Amino acid sequence: MGAYSDEYQRSMADPEGFWLDAASAVHWFKKPTQALDDTNPPFYRWYPGAQTNICYNALDRHVIEGRADQTALIYDSPVTEGRCSYSYAELLDLVGRAAGVLKALGVGKGDRVVVYLPMIPEAVITMLACARIGAVHSVVFGGFAPAELAARIDDARPKVVVTASCGVERTRVIPYKPMVDEAIERAEHKPDRVLLVQRPQLQAETGERDIDWATAMKPGAVEPAGCETVAATDPLYVLYTSGTTGKPKGIVRDHGGYQVALQWSMTNVYGMEPGDVWFTASDVGWVVGHSYIVYGPLIAGCTTIVFEGKPVGTPDASTFWRVIAEYSVKALFTAPTAFRAIKKEDPDAALMAGHDLSSFRTLFMAGERLDPDTWQWATDKLRVPVVDNWWQTETGWPIASNQMGLEQLPIKPGSAAVPTPGYDVQILDSMGEQVPPGTEGAVCIKLPLPPGTLPTLWQDDARYESSYLSAYPGYYLTGDGGYIDDDGYLFVLGRTDDVLNVAGHRLSTGGIEAALAGHPAVAECAVIGVADPLKGQVPRALVVLKAGDKWANLDDAGLAQLRTELGQRVREEVGAIATLQQVDVVAALPKTRSGKILRKTMRQMADGQDAQVPSTIEDPSVLDALAKSLGRQGTSQG
Ligand code: COA
Ligand code: AMP
Numbered sequence: 001m002g003a004y005s006d007e008y009q010r011s012m013a014d015p016e017g018f019w020l021d022a023a024s025a026v027h028w029f030k031k032p033t034q035a036l037d038d039t040n041p042p043f044y045r046w047y048p049g050a051q052t053n054i055c056y057n058a059l060d061r062h063v064i065e066g067r068a069d070q071t072a073l074i075y076d077s078p079v080t081e082g083r084c085s086y087s088y089a090e091l092l093d094l095v096g097r098a099a100g101v102l103k104a105l106g107v108g109k110g111d112r113v114v115v116y117l118p119m120i121p122e123a124v125i126t127m128l129a130c131a132r133i134g135a136v137h138s139v140v141f142g143g144f145a146p147a148e149l150a151a152r153i154d155d156a157r158p159k160v161v162v163t164a165s166c167g168v169e170r171t172r173v174i175p176y177k178p179m180v181d182e183a184i185e186r187a188e189h190k191p192d193r194v195l196l197v198q199r200p201q202l203q204a205e206t207g208e209r210d211i212d213w214a215t216a217m218k219p220g221a222v223e224p225a226g227c228e229t230v231a232a233t234d235p236l237y238v239l240y241t242s243g244t245t246g247k248p249k250g251i252v253r254d255h256g257g258y259q260v261a262l263q264w265s266m267t268n269v270y271g272m273e274p275g276d277v278w279f280t281a282s283d284v285g286w287v288v289g290h291s292y293i294v295y296g297p298l299i300a301g302c303t304t305i306v307f308e309g310k311p312v313g314t315p316d317a318s319t320f321w322r323v324i325a326e327y328s329v330k331a332l333f334t335a336p337t338a339f340r341a342i343k344k345e346d347p348d349a350a351l352m353a354g355h356d357l358s359s360f361r362t363l364f365m366a367g368e369r370l371d372p373d374t375w376q377w378a379t380d381k382l383r384v385p386v387v388d389n390w391w392q393t394e395t396g397w398p399i400a401s402n403q404m405g406l407e408q409l410p411i412k413p414g415s416a417a418v419p420t421p422g423y424d425v426q427i428l429d430s431m432g433e434q435v436p437p438g439t440e441g442a443v444c445i446k447l448p449l450p451p452g453t454l455p456t457l458w459q460d461d462a463r464y465e466s467s468y469l470s471a472y473p474g475y476y477l478t479g480d481g482g483y484i485d486d487d488g489y490l491f492v493l494g495r496t497d498d499v500l501n502v503a504g505h506r507l508s509t510g511g512i513e514a515a516l517a518g519h520p521a522v523a524e525c526a527v528i529g530v531a532d533p534l535k536g537q538v539p540r541a542l543v544v545l546k547a548g549d550k551w552a553n554l555d556d557a558g559l560a561q562l563r564t565e566l567g568q569r570v571r572e573e574v575g576a577i578a579t580l581q582q583v584d585v586v587a588a589l590p591k592t593r594s595g596k597i598l599r600k601t602m603r604q605m606a607d608g609q610d611a612q613v614p615s616t617i618e619d620p621s622v623l624d625a626l627a628k629s630l631g632r633q634g635t636s637q638g
C-alpha cells in the first residue's frame with residue numbers, strides 16, 4: 001500500500017489516534033487528551049478540554065522557535081504599485097498592537113468584529129488580532145454591496161467594523177467607507193465603532209463612530225495585547241456563504257480543529273515546508289483566503305503572499321509569472337477561472353518568457369470544477385503537476401485532492417482525485433443507498449466530519465441540521481453531485497441545488513431574485529446559473545412582468561431600459577460580482593403543482609442539455625413557450 005492509502009485507512013480505522021497524532025504538530029496551552037467529542041450527535045466537536053490560540057501557532061510560536069527574521073508576509077499590489085514585506089517578528093508586533101486597539105475599543109473574548117477590507121496587509125493583521133484576543137472575526141468580501149453587508153452585520157452583531165477608505169480594482173477606485181456607512185444605516189444592529197484604514201488613493205470622510213487606524217496603531221499609543229487562552233472549541237470566525245435563499249449561512253470555525261487541519265493539509269496535501277513561499281491568488285473574503293492566505297501558510301511557517309491584483313489586466317496576463325519569479329514561489333493556489341482568463345489573453349503563454357519559474361513546483365486549483373481543457377493548458381505551459389482540490393466554505397480545507405505531500409497519485413483530468421484522510425466520502429442515491437462506482441448521485445460525507453470543518457451555523461443549530469444533515473441521516477450533504485470511479489477517484493459535476501458559482505465565487509439565486517423582485521415591474525422572477533467560458537457560470541434572469549398597460553406594452557427601448565435597471569438593482573443590492581449576463585422577459589415560469597420553480601430544468605435547457613422535466617409539472621406548455629428564449633436540446637419527462 002502507498003503512503004496515501006495507509007494514511008487514509010488509518011484515519012478511517014482509528015480517527016482518535018490519527019487526529020491526536022496530527023494535533024501534536026501544533027502548540028497547545030493545554031494539550032488535548034481526547035480527539036472527538038461525540039456525546040451530542042449529530043453535533044460533533046474536536047479536542048474537548050484542550051486550550052490554545054490559533055494566532056499563537058501562526059506567529060508567536062515561529063518567533064520563539066527561530067523564525068523571527070523570516071519573511072512572513074509579502075504584500076504585492078500591481079493596482080497601486082505598492083509592495084512591502086513583514087518578518088514574523090514584525091507581523092507579530094503589528095498584530096499585537098491591532099489586538100490592543102481592538103481591546104481598547106471594548107472588544108473581548110467572543111465579541112464579533114466584521115472586516116470589510118480589500119487585499120491589504122491590514123486585513124490579515126485584523127484577522128489575526130481578533131484571534132489573538134479570542135474575538136470572532138467575520139470577513140465580508142469587498143465585492144458585496146451594502147445590503148449584503150448589512151445582512152451580515154445584523155446576523156453577527158459586531159462591536160466593531162474594520163474597513164478601509166477604498167478598494168482598488170482593475171479599472172477604478174471603489175469607495176468602501178460609504179458602503180459601510182450605508183450598511184450600518186440599513187442594519188438594525190449598530191456597531192459601536194468603525195476602525196478605518198485611510199488609503200492614499202482616496203481619503204474617506206469620517207464621523208463620530210470612526211477611529212483612524214494609523215493613529216490608533218502608532219507605537220506607544222496602544223498597549224500590545226498578548227494571546228488569550230481559548231478553548232479548542234471556541235469560535236475563531238464566522239464566514240457567511242450563500243445558500244439557495246437570500247439569507248446567508250454563517251459558517252462557524254473553531255480554533256483547535258482548524259489549526260490542526262490546516263497544519264496537516266499544508267504538509268500532506270500541499271507538500272509545503274517551513275520557509276517555503278506560498279502564493280494564494282484569491283481574496284480574504286472567501287474561505288480559500290482564510291485558510292490559505294492567512295492561517296494555513298503562517299501556521300506552517302511559510303511566507304504568504306497577499307496579492308492585490310487580478311490574473312489579467314494588472315497590468316497583463318504575465319502578472320502571476322512575475323510574482324512567482326520575483327519571490328521564488330514554490331506553489332500557487334488559485335481558481336480555474338483565473339487560468340481561463342490568462343489563457344484567453346495569452347493563449348501561447350508567450351508572456352511567460354523571461355520569467356524564471358525554476359522555484360515553482362505545483363499549481364493547486366479550487367473554487368469550481370477544473371475543466372480538462374484548462375488543466376491541459378496549465379500542465380503544458382507550466383510543466384508542473386496541476387492539482388484540483390474540491391472543498392467548500394463549510395469544510396474549510398480540501399475534502400478531496402491529490403495529496404502531494406504524502407504521495408502523488410496519477411492525475412485524472414476532471415477529477416479532484418481522492419478523498420482526503422478524515423473524510424468518508426460516499427455517493428448516495430435518492431433513497432440514501434450507496435451507488436456502485438461510476439454511478440452519479442449526491443456527494444455526501446459520513447459523519448462525523450473531520451477537525452476544521454463547521455461544527456454548526458452561527459447561532460442556528462436548527463438550520464445547520466435542516467440544510468446539511470436532514471436529507472440523509474448520519475451524513476453531511478455537500479450539495480454537489482458526482483461519482484466515484486473504479487479507482488476511487490471523485491468526479492464532482494456541479495451543484496444539485498440552486499447555488500451559483502461565478503468565477504469561483506458562490507452566490508445565491510435567492511439573493512439575486514430578491515433584488516429583481518424589488519423592481520416595480522417584476523411580478524415574478526427566477527435566476528439560473530448558465531455556463532460561461534470564462535467565469536464557469538453566470539447568472540441569467542427570467543422575469544414575468546406585472547399585468548397592466550405600463551409594463552405589458554413596453555417597446556424595445558422600454559425593454560432595454562428595464563434590463564439596464566434590473567442589472568443595476570442587482571449590482572446595488574448584491575454587488576458588482578453578480579453581474580447579470582442576460583434578462584429574458586417571459587410570459588410565465590415553469591412550476592411544479594406545489595409551486596416550486598423548475599430552475600434546474602431551465603438551466604439544462606439554457607446549457608443545451610437534455611432537460612429533465614418532473615412529472616409534477618403544472619403546465620408543460622410553459623416550458624414549450626420558453627424553449628425559444630432558452631434554447632432547447634430536448635426534454636424528457638421524469
Ligand atoms: N471589491 C469591490 N469590487 C470588486 C471586488 C472587490 N474585492 N472584486 C471584484 N469587484 C468588482 C469588479 O470591479 C467588477 O466590477 P465592474 O463590473 O464594475 O468592472 C465586478 O466586481 C466583477 O469582477 P470580477 O468577478 O473580478 O470580473 P472581471 O471580469 O473583472 O474579471 C476574472 C474576471 C476571471 C479575471 C476575475 O473574476 C478573477 O480574477 N477571478 C478569480 C476568482 C478567484 O480568485 N476566486 C476565488 C475563489 S478561490
Ligand atoms: P465555496 O464554498 O464558495 O468554496 O464553494 C463551494 C462549491 O464550489 C462546492 O460545493 C462546489 O460546487 C464548487 N467547487 C469548489 N471546488 C471545486 C472543485 N475543485 N471541483 C468542483 N467543484 C468545486
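For the sequence shown, position 170 (counting from the first letter as 1) is numbered 170 according to the UniProt record's numbering, and the numbering increases by one without interruption. Glycine is no exception: its CB is placed at the ideal position from the N, C-alpha and C atoms. Just so you know, these numbers come straight off a predicted model, no measurement behind them.
8 Å Cβ cutoff, residue i in contact with chain B
{"i": "V570", "result": "Of the protein chains in this structure there is only one, and it is not chain B."}
Residue i Cβ short of 7 Å to the ligand AMP heavy atom set
{"i": "A349", "result": "no"}
{"i": "G494", "result": "yes"}
{"i": "V287", "result": "yes"}
{"i": "N268", "result": "no"}
{"i": "A261", "result": "no"}
{"i": "Q392", "result": "yes"}
{"i": "A366", "result": "yes"}
{"i": "D316", "result": "no"}
Pairwise C-alpha distance: residue j and residue i
{"i": "V124", "j": "Q263", "result": "18 Å"}
{"i": "V522", "j": "V583", "result": "12 Å"}
{"i": "V252", "j": "G567", "result": "32 Å"}
{"i": "L428", "j": "V544", "result": "37 Å"}
{"i": "L298", "j": "Y292", "result": "9 Å"}
{"i": "K103", "j": "L196", "result": "16 Å"}
{"i": "L623", "j": "V230", "result": "56 Å"}
{"i": "W19", "j": "G422", "result": "9 Å"}
{"i": "K330", "j": "A214", "result": "34 Å"}
{"i": "D21", "j": "W28", "result": "13 Å"}
{"i": "Q633", "j": "M605", "result": "Unreliable positioning characterises Q633 in this predicted model, as indicated by a pLDDT of 46, which lies under 50. The coordinate reading is nonetheless provided below. Spanning the two alpha carbons is a distance of roughly 6 Å."}
{"i": "L91", "j": "T71", "result": "9 Å"}
{"i": "T379", "j": "V418", "result": "19 Å"}
{"i": "R45", "j": "L449", "result": "9 Å"}
{"i": "D111", "j": "A135", "result": "5 Å"}
{"i": "A3", "j": "R10", "result": "11 Å"}
{"i": "E524", "j": "V585", "result": "10 Å"}
{"i": "C55", "j": "Q198", "result": "25 Å"}
{"i": "G367", "j": "T509", "result": "18 Å"}
Nearest-angstrom Cβ-Cβ length linking residue i and residue j, presumed shorter than 8 Å
{"i": "V101", "j": "V222", "result": "5 Å"}
{"i": "A131", "j": "L236", "result": "6 Å"}
Cβ-heavy atom distance, residue i to the ligand COA, below 7 Å
{"i": "H505", "result": "yes"}
{"i": "F141", "result": "yes"}
{"i": "K177", "result": "no"}
{"i": "T171", "result": "yes"}
{"i": "L580", "result": "no"}
{"i": "D346", "result": "no"}
{"i": "A471", "result": "no"}
{"i": "D76", "result": "no"}
{"i": "T126", "result": "no"}
{"i": "G567", "result": "no"}
{"i": "L516", "result": "no"}
{"i": "G536", "result": "no"}
{"i": "D283", "result": "yes"}
{"i": "G167", "result": "yes"}
Distance cut-off 7 Å: residue i Cβ against heavy atoms of the ligand FAD
{"i": "L117", "result": "This structure simply doesn't include the ligand FAD; it includes the ligand COA and the ligand AMP instead."}
Task: Touch test, the segment 110-122 against the segment 151-170, Cβ-Cβ under 8 Å, three pairs minimum - done: yes
Open item on the list: If contact is defined by three or more beta carbon pairs under 8 Å, each pair taking one atom from either stretch, is the segment 465-485 in contact with the segment 505-521?
Closed with: no
TODO: Check whether the segment 483-490 touches the segment 435-454, taking contact to mean three or more Cβ pairs, one atom from each stretch, closer than 8 Å.
DONE: yes
Open item on the list: Three or more C-beta pairs under 8 Å: does that hold for the segment 507-517 against the segment 572-580?
Closed with: yes
Open item on the list: Does the segment 254-269 come into contact with the segment 305-314, if we say contact requires no fewer than three beta-carbon pairs (one atom in each stretch) closer than 8 Å?
Closed with: no
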